[in-house]
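Protein chains in written order, with this note's numbering: chain A, 895 to 1302; chain B, 13 to 301. One structure below.
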Amino acid sequence: MPKRTATRREFATQGALAAAIATGLAGCAGDGDGDGGDGGDGGDGGDGGDGGDGGDGGDGETGVIEFGGIATVDAGDYSDFTEQTGWNVNFSSISNAPGELLSSMIAGGGREVYDILAPVGGIQPPLASEGLLQTIDTDRLENWEAQYDYWQTDEGRDFISHDGDIYGVPTVWQGDSVAYLPGETGEVTSYGALFDDEFAGKVAIEDNYTTAGQKTAMYLDYHDMEDIENPRNMSESEVEAVVDFLIEQKESGQFRTMWSGFENAVSLMAEGEVVVMDTWEPVVFSLRDQGIEAEYAVPEEGYLLWAMVDYLVDPETARADAHEEAVYDFLDWHLAGWYGAAITSQTGYMTNPSAMDYAAESDEFDEAEIRDIHEGVQEKFELGGTWQQRWPDEREAYEEHWQRLRNA
Amino acid sequence: MRQAIRRRLPQLQLAPAVAVLLVFFVIPLAMTFMWGFWPRTQFWMEPGFTLEAYNTFFSTGRVDVYLKSLRLSVISVILSLVLGYPVAYFVGRRLPEDVAFGLLFVFVLPFIISSVIRTLSWRFLLGRQGIINQTLVGIGIVNEPLDWLLFSEFSVILGLVTASLPFVIFPVWLSIRTIDDSLLEASADLGARPLTTFRRVTLPLSLPGVFAASIFVFVTAFGETAIPELLGGSGFSTVGTSITSVLGVLNYPLAAAISSISIATMLVLLGLWAYFFDLNNLVSMGGGS
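Set out below in structure tokens:
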């Protein structure tokens, strides 16, 4: 696909679109539905930062790296990186929804705002084909070879690459399944618990076709209830069949609600409204913190695998060499011990192998906790599943049929 | 020259307001209307003319979402007025001014916290283990918690109405407060009973406030997304959530078409209200009494 550069005229008209639609309908500011598995999405549509890179001077100078990410990847403290390189970091929140992210990059002039974008991966095809990203030169990353290599499968490679080139540096890893309250349900080992009559009216699924839709497809395919060639990238008729199944479930009163947003998910289980829920694992951690016995299922159908990745933004005007070097240093720092340990401690997600070593050598972090989390997520990737599809080929059909489910 | 400027001073004074409206309201709305007819490209759209977005709107379930939003909004307006008008009347006519101001402040208090938190708090009241269900079960009125209290159309309407009440109470209170006491005294002197005075004098003179309140509530309810999402249950859709959803797949023409239809609906309703309530007359009554 030819590289396409948005013109100034397009920036103006596209920016006006956002204003127009916002003006057109008061209160239309929902959090969308393309959001996958981050457990704490800033979700503000991503205008972030102060718009200046502040560090595009000549070689040898220092400045500011503009880092746009979802809340999960914000370490909060970047002094370790600043001490090492002299460069400061300005974190700003971006939306994790592919559509919103694309809009902010194309219409919002994101190429002039961010150096690095860090959403859940898998959306580099549209970003790269629009010329918004640079390929990653992995030879410039000292820590690259020491990373987990779970991305080295066909599906995993799809999550970080496009046309054979790597565009994303995976920094946070996880496999999603189902949270449950064992006191109410017993042990859950299948997505089938979401559709089990025994829990009718006490089940919630995420209002998101890239998570709940894909897990349902995995369930139907695994149990030969539907012939689905590829649950992570379904044809229109396959999506229709999956949604028909969900509508049947909904109309029979199986679902208490469809949730969106981390706090909403936690409160649904904490309030006892639901006992089984398709959700993120940090929901379980949060429930346990509240003294509620909650578990995360090991599903026989496999996990919904995903990773957060760092994308290197291709700026309108090329970065100075020192700035480019600092950006690569920052990517490398994301693959090193302190950042990995900090993010694992904050979120409960696996980051990079150095996190465990760093935690063992310093008093800053709980080594046992970090090791447990890493080993737990490694088991998930070894058990396998399907990687989340964030930008399905038939996304129009996904959206249209999901709307049908909402209306049913 | 100076006289010419003086003659045109009223129009010139309006110029900043007109400019603001033009730039931030009329032009964006006109562009939204135009984009609804543009063909899609992969990530954007291009100038042209097609009815594809409108075809999609009418050939999928989005019409049902639109009609549901319309129905919910009308119900919210009616219930908000039924509940809010008596409060506004009581505060405006029956309470001393200092007490009235204190009470009005109480109505504002819930709005100093986030609308999401405010909406979530309904879950603690209406849920299976919420205070209402626990009380009903505790005193034996029901055997088990009522599921329909939460994640239902009932809870959405409750959320919309309670979120709208201050937008009814304040304009109606303002219109009632401006009614000249001598008009009410004259009505009584002429032998009208209190109910007749209310029906023939107070109510007509408060209609500008009712009119404003109706618009506030309708527009708010029509575009609301957080309340249906948090209280509405399995994928409860409104026009607002529908627009957000199509933006997720970068279908800007369809988002613009749905917005245009929504805006057109509001303008038609505004026209109907203005026609039936005789807006000019109401405004002059409200402002000139």
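Ideal Cβ placement from N, Cα and C applies to all residues, glycine included. All of these numbers come straight from a predicted model, not from anything done at the bench.
Name the chain A residues whose beta carbon is nearer than 9 Å to that of residue i?
| i | result |
| --- | --- |
| residue 76(B) | 1301 |
| residue 249(B) | 1297, 1300, 1301 |
Along chain A, in chain order, which residues have C-beta atoms closer than 7 Å to that of residue i?
| i | result |
| --- | --- |
| residue 140(B) | 1166, 1167 |
| residue 246(B) | 1144, 1149, 1151, 1152 |
| residue 159(B) | 1095 |
| residue 163(B) | 1150, 1151 |
Keeping to the same chain, check which residues put their C-beta closer than 7 Å to that of residue i; ignore five residues upstream and five downstream.
| i | result |
| --- | --- |
| residue 1168(A) | 1096, 1097, 1098, 1150, 1162 |
| residue 178(B) | 119, 120, 123 |
| residue 105(B) | 188 |
| residue 229(B) | 88, 89, 92, 176, 179, 180 |
| residue 969(A) | 1233, 1236, 1237 |
| residue 1107(A) | 1136, 1292, 1296 |
| residue 160(B) | 166 |
| residue 933(A) | For residue 933(A), the predicted model reports a pLDDT of 39, less than 50, meaning its position is unreliable; a value from the coordinates is still stated below. So the list reads 966, 1156, 1174, 1176, 1241, once near-sequence residues are dropped. |
| residue 1181(A) | 1160, 1163, 1164, 1188 |
| residue 231(B) | 278 |
| residue 267(B) | 255, 258, 259 |
Applying a beta-carbon distance threshold of less than 7 Å, which residues of chain B neighbour residue i?
| i | result |
| --- | --- |
| residue 1158(A) | 242 |
| residue 1161(A) | 132, 135 |
From the DSSP output, read off the bridge partner residues of residue i.
| i | result |
| --- | --- |
| residue 1067(A) | 1201(A), 1244(A) |
| residue 1163(A) | DSSP, once it has assigned bridges, lists no residue as partnering residue 1163(A). |
| residue 989(A) | DSSP, once it has assigned bridges, lists no residue as partnering residue 989(A). |
| residue 1149(A) | 1097(A) |
| residue 1280(A) | 1198(A) |
| residue 44(B) | For residue 44(B), which the question treats as bridged, DSSP gives no partner whatsoever. |
| residue 1056(A) | 1059(A) |
| residue 960(A) | 984(A) |
| residue 52(B) | 57(B) |
| residue 1012(A) | 963(A) |
| residue 1172(A) | 1072(A) |
| residue 1190(A) | 1073(A) |
Sorted by chain position, which residues of the same chain lie with C-beta nearer than 8 Å to residue i's C-beta, five sequence neighbours on each side aside?
| i | result |
| --- | --- |
| residue 906(A) | A caution first: residue 906(A) carries a pLDDT of 36, below 50, which makes its placement in the model too unreliable to give a value. |
| residue 1055(A) | 1018, 1061, 1062 |
| residue 31(B) | none |
| residue 169(B) | 84, 87, 88, 91 |
| residue 920(A) | Residue placement at residue 920(A) is poorly supported in this model, since its pLDDT is 36, which falls under 50; the coordinates are not used for a value here. |
| residue 1119(A) | 1113, 1139 |
I'd like the list of long-range same chain contacts for residue i, defined as Cβ closer than 6 Å, with 5 residues on each side in sequence excluded.
| i | result |
| --- | --- |
| residue 142(B) | 136 |
| residue 1261(A) | 1253, 1254 |
| residue 1295(A) | 1133, 1134, 1137 |
| residue 1008(A) | 960, 962, 1207 |
| residue 226(B) | 89 |
| residue 1179(A) | 1242 |
Find the residues of chain B that neighbour residue i, judging by a C-beta separation of less than 8 Å, and give them in chain order.
| i | result |
| --- | --- |
| residue 1000(A) | 55, 56 |
So with CB distances below 8 Å, who are the chain A contacts of residue i?
| i | result |
| --- | --- |
| residue 72(B) | 1294, 1297, 1298 |
| residue 254(B) | 1297 |
Using a C-beta to C-beta distance shorter than 9 Å, which residues of chain B count as neighbours of residue i?
| i | result |
| --- | --- |
| residue 996(A) | 55, 262 |
query = Can we say the segment 1216-1230 of chain A touches the segment 1019-1026 of chain A, given the rule of at least three CB pairs closer than 8 Å?
reply = no
request  = Name, going along the chain, the residues of the segment 1285-1299 of chain A whose beta-carbon falls closer than 7 Å to a beta-carbon of chain B.
outcome  = 1289, 1290, 1293, 1294, 1297, 1298, 1299
query = Taking a cut of 8 Å between CB atoms, which residues from the segment 260-273 of chain B lie near chain A?
reply = 260, 261, 262, 263, 264, 267, 268, 271, 272
message = For the segment 1024-1039 of chain A, list every residue whose C-beta sits within 9 Å of some C-beta in chain B, in sequence order.
response = 1024
task = Return the residues of the segment 978-994 of chain A that lie within a Cβ-Cβ distance of less than 9 Å from chain B, sorted by chain order.
result = 991, 992, 993, 994
request  = Check each residue of the segment 1002-1027 of chain A: if its Cβ is closer than 9 Å to any Cβ of chain B, include it; give the result in chain order.
outcome  = 1020, 1023, 1024
ask   = If you pair each beta-carbon of the segment 1248-1258 of chain A with each one of the segment 1226-1238 of chain A, do three or more pairs fall below 8 Å?
value = yes
ask   = Mind listing which residues of the segment 87-104 of chain B have their C-beta closer than 7 Å to chain A's C-betas, in chain order?
value = none
task = Decide if the segment 1190-1205 of chain A is in contact with the segment 1064-1076 of chain A; the criterion is three or more beta carbon pairs, one per stretch, under 8 Å apart.
result = yes
message = If the cut-off is 7 Å on Cβ atoms, which residues from the segment 1099-1132 of chain A count as contacting chain B, listed in chain order?
response = 1101
inquiry  = When you compare the segment 98-117 of chain B with the segment 198-207 of chain B, are there three or more beta-carbon pairs, one atom per stretch, that lie closer than 8 Å?
reply    = no
ask   = Within the chosen definition, does the segment 236-256 of chain B reach the segment 54-66 of chain B through at least 3 CB pairs nearer than 8 Å?
value = no
Meets three-Cβ-pair contact criterion under 8 Å: the segment 166-174 of chain B and the segment 205-214 of chain B = no
request  = Inspect the CB distances between the segment 91-109 of chain B and the segment 260-267 of chain B and report whether three or more fall short of 8 Å.
outcome  = no
ask   = Taking three-plus beta-carbon pairs below 8 Å as touching, is the segment 1172-1181 of chain A in contact with the segment 973-990 of chain A?
value = no
ask   = Are the segment 50-58 of chain B and the segment 270-289 of chain B touching by the rule of at least three beta carbon pairs closer than 8 Å?
value = no
ask   = Quick one: any contact between the segment 1257-1272 of chain A and the segment 1082-1096 of chain A, if contact means 3 or more CB pairs under 8 Å?
value = no
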